[in-house]
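Trainee: My questions will all concern the structure given below.
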Amino acid sequence: MRLGAFLKKSFIDPLMSMERSMLYICAFMGSFGFYGLLIYLAFDYTDSDLTPVISFFIAKFGFSNIFVAPFILMLIRRYMNTAVFAMLTVMQWIGLVLLFLFSTTSGDPILTFSVGVIVSFITEPFYAIYHMMMIRLTTDENRGHEVSMSELSLKVGVVAGSMAAGFMLTFLPGIVFLIFAGICLILPAVILAAMFIQSQDMDAKLSYMAQAGIDMKPSAMMLVADPKASLVAPYALMIKSGSLSVLTMLQGGMNALVSFYAPIWLKILGFSALMTGFLMGMQVVARFFVGPISGLLYEKGKGHELMLAGLIFVIGWLVWLFLPYPVAFTTSVILWAVYTHMINVGIDSRWYAGKTLEGMACREICFGVGRLILLLVLIPLLYISPLAFFMGAIITGLVFLILSVMVET
């Protein structure tokens with residue numbers, strides 16, 4: 043493939059659909075709100091005693107990914123109508139009001155656990171609707187690059203949210219930013235839900251016309267409600283998915299490691315929230331260049347993007363052994379961005395290719411299990427020493443690298 047055609051397939055073709063373009067904009071807004079909330083609260087709760095922040099993350103990753111997200115996805119699977127999306131919007135607003143009431147809580151693990159649950163009510167409806175639209179709008183012909191573009195949009199939001207959280211913590215701590223971040227999750231969820239209802243109705247008419255012999259076809263994949271869909275189906279699918287489930291657990295844990303747990307480690311080493319947030323901005327440039335390569339490797343179907351991601355993850359930690367801390371920090375942040383993009387494109391594309399909400403609910407459960415396991419294993423190591431946490435992170439990357447080479451995905 044010529045370079046021009048390759049770049050067109052990577053950056054232009056994913057944007058040719060108006061629906062996908064709007065999805066990418068909403069992905070930016072939602073991830074801004076999500077990471078802004080989590081980074082702000084995690085840094086605010088991190089002190090000499092790590093129990094409050096551990097409690098917060100257990101609620102957010104355990105309760106949220108393992109229970110709330112699958113339930114919402116299966117609720118959409120069952121009904122897929124305006125009423126269920128309206129209910130999710132109400133759920134988000136209730137969560138935002140409760141966050142306003144409880145956000146000043148600090149130091150009490152039970153109350154920070156409650157805040158983690160409350161944040162889930164705001165974040166999970168957005169991500170459930172986002173995944174639903176990704177299933178609908180990604181195509182078999184160019185899925186790798188479409189998912190890569192979506193990941194880039196998400197990452198720009200992540201960086202913006204992290205920088206905003208770092209700035210607000212440093213100069214203007216308070217509830218205003220949390221409310222703004224919450225609205226950044228509610229608004230795109232409403233937009234995507236409205237898009238889905240409108241486009242599904244239109245595509246249903248086009249499909250009916252096509253059946254009648256008129257040369258019409260739906261603009262994207264039709265999703266059909268199933269009132270009998272089992273709420274426990276995603277949990278059973280974890281077993282059936284085998285190696286993909288295991289790799290997704292590691293993906294969830296490793297992503298949380300570099301996005302949430304590592305910033306806590308960096309704070310203990312002496313890096314400020316503001317510095318961490320601004321240096322995260324360098325990740326966008328790295329992802330821009332690695333995006334086309336990730337999509338290409340996924341489309342080859344040999345899992346090379348996963349192997350390369352695992353190797354880069356390990357190198358991103360090893361540089362701390364050889365380079366001065368400021369240089370190691372900059373290098374590792376960039377390498378973590380490359381790793382995250384590759385692993386997300388590789389594994390998420392495989393779930394989207396399954397084209398079921400049950401599959402995405404299973405993915406959320408695996409993600410949550412991985413995040414929770416690494417939280418319970420690695421964060422307590424910070425009580426021992428930053429070196430113990432560091433060694434645990436390297437071992438995690440090596441496990442993923444070995445499995446990505448051994449298993450069939």
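The sequence shown: position 281 = 323 (my numbering), numbered continuously. Every residue, glycine too, gets a C-beta built ideally from N, C-alpha and C.
Determine the extent of the alpha helix (DSSP H) in which Arg178 is found, giving its start and end residues.
Mentor: 151 to 179 is the extent of the alpha helix (DSSP H) around Arg178.
Trainee: Could you round the C-beta distance between Gly78 and Phe219 to whole angstroms and report it? I think they count as a contact, below 8 Å.
Mentor: Confirmed, Cβ separation roughly 7 Å.
Trainee: Straight-line CA distance for Leu308 to Val198?
Mentor: Rounded to whole angstroms, Leu308 to Val198 spans 21 Å at the Cα level.
Trainee: Expressed to the nearest angstrom, what Euclidean distance is found between the alpha-carbon atoms of Leu399 and Val274?
Mentor: Roughly 12 Å between the two C-alpha positions.
Trainee: I believe His187 touches Asp55 by the beta-carbon criterion, under 8 Å. Please report the beta-carbon distance rounded to the nearest angstrom.
Mentor: With 8 Å as the limit, His187 and Asp55 qualify as a contact, their Cβ atoms being about 7 Å apart.
Trainee: Please report how far the alpha carbon of Cys404 lies from the alpha carbon of Ser287, in whole angstroms.
Mentor: Distance between the alpha carbons of Cys404 and Ser287: 8 Å.
Trainee: Using the Cα positions of Ala370 and Phe432, report the straight-line distance between them to the nearest angstrom.
Mentor: Their Cα atoms are separated by approximately 13 Å.
Trainee: Tyr303 lies in the alpha helix (DSSP H); which residues open and close that run?
Mentor: Premise fails: Tyr303 is in no alpha helix (DSSP H) and is neither H nor E.
Trainee: Going by C-alpha to C-alpha distance, which of Trp135, Gln325, Val387 sits closest to Leu339?
Mentor: It is Val387 whose Cα lies nearest to the Cα of Leu339.
Trainee: Out of curiosity, what's the CA-to-CA distance linking Ala142 and Leu445?
Mentor: It should be noted that the sequence gives Phe, not Ala, for residue 142. One C-alpha to the other measures close to 43 Å.
Trainee: Excluding the 5 residues flanking Thr93 on each side, which residues of the same chain have their C-beta closer than 6 Å to its C-beta?
Mentor: Only Pro151 meet the Cβ criterion.
Trainee: Is Ile81 closer than 9 Å to Ala207 when the C-beta atoms are compared?
Mentor: A contact, by the Cβ cut-off of 9 Å.
Trainee: Using a threshold of 9 Å, state whether the C-beta atoms of Ala42 and Arg413 are closer than that.
Mentor: Missing from the structure shown is residue 42; the chain here goes from 43 to 451 and no further.
Trainee: Can you say whether Asn123 is buried or exposed, counting buried as having 16 or more other CB atoms within 10 angstroms of its CB?
Mentor: Answer is exposed; the Cβ neighbour count stays below 16.
Trainee: If contacts are defined as beta-carbon pairs under 8 Å, then Met71 and Leu229 qualify, I think. What distance do you get, rounded to the angstrom?
Mentor: Contact holds; Cβ gap of about 7 Å.
Trainee: Taking the CB atoms as reference points, tell me whether Cys226 and Phe127 lie closer together than 9 Å.
Mentor: Result no, Cβ atoms of Cys226 and Phe127 do not sit closer than 9 Å.
Trainee: Which word fits Gln240, buried or exposed, when buried means at least 16 other C-beta atoms lie within 10 angstroms of its C-beta?
Mentor: It counts as exposed.
Trainee: Is it buried or exposed for Glu193, if we count other Cβ within 10 angstroms and need 16 for buried?
Mentor: Buried, by the Cβ-count rule.
Trainee: With a CB to CB cut of under 7 Å and the five nearest residues on each side skipped, what residues in its chain are close to Ala254?
Mentor: Low per-residue confidence applies at Ala254: pLDDT is 47, beneath 50, and the placement is therefore not dependable, though the value from the model is reported in the following sentence. None.
Trainee: Relative to the C-alpha of Met280, which residue among Met58, Ser156, Trp393 is closest?
Mentor: The shortest Cα separation from Met280 among Met58, Ser156, Trp393 belongs to Trp393.
Trainee: Quick one: measure Cβ to Cβ for Met174 and Ile108, integer angstroms, because I've assumed they're closer than 8 Å.
Mentor: Met174 to Ile108, Cβ: 19 Å. No contact.
Trainee: Nearest-angstrom Cα distance between Phe144 and Leu418?
Mentor: Those two C-alpha atoms are separated by around 24 Å.
Trainee: What is the DSSP secondary structure of Asp86, counted as helix, strand or coil?
Mentor: Residue state, collapsed to three classes: helix.
Trainee: Say whether the region 128 to 139 touches the region 152 to 169, bearing in mind that this needs 3 or more beta-carbon pairs closer than 8 Å, one atom from each stretch.
Mentor: Yes, the region 128 to 139 is in contact with the region 152 to 169.
Trainee: Could you give the residue range of the alpha helix (DSSP H) that holds Arg392?
Mentor: 367 to 396 is the span of the alpha helix (DSSP H), which, as asked, contains Arg392.
Trainee: According to DSSP, is Gly345 part of a helix, a strand, or is it coil?
Mentor: Here Gly345 sits in coil by DSSP.
Trainee: Which residues bound the alpha helix (DSSP H) around Glu188?
Mentor: First-last of the alpha helix (DSSP H) with Glu188: 185 to 213.
Trainee: Using the three-state DSSP reduction, which class does Val95 fall into: helix, strand or coil?
Mentor: Correct three-state label for Val95: helix.
Trainee: Of all the options Tyr381, Pro112, Met448, Met205, which has the alpha carbon lying nearest to the alpha carbon of Met296?
Mentor: Per the Cα distances, Tyr381.
Trainee: For Leu423 and Ala271, I'd like the C-alpha separation in whole angstroms.
Mentor: Their backbone Cα atoms lie some 41 Å apart in a straight line.
Trainee: Restricting to runs no shorter than 4 residues, where is the alpha helix (DSSP H) found entirely within the region 112 to 153?
Mentor: The qualifying runs are 124 to 144.
Trainee: Assign Leu227 to one of three DSSP states: helix, strand, or coil.
Mentor: Reduced to three states, the DSSP call for Leu227 is helix.
Trainee: Round the Cβ separation of Val356 and Gly439 to the nearest angstrom and send it over; I've been treating them as touching at under 8 Å.
Mentor: At roughly 4 Å, the Cβ-Cβ gap stays under 8 Å, so Val356 and Gly439 are in contact.
Trainee: Is Ala101 near Thr154, with beta carbons less than 9 Å apart?
Mentor: Result yes, Cβ atoms of Ala101 and Thr154 sit closer than 9 Å.
Trainee: Quick one: using the 10 Å Cβ neighbour count with 16 as the cut-off for buried, is Asp86 buried or exposed?
Mentor: Flag for Asp86 reads buried.
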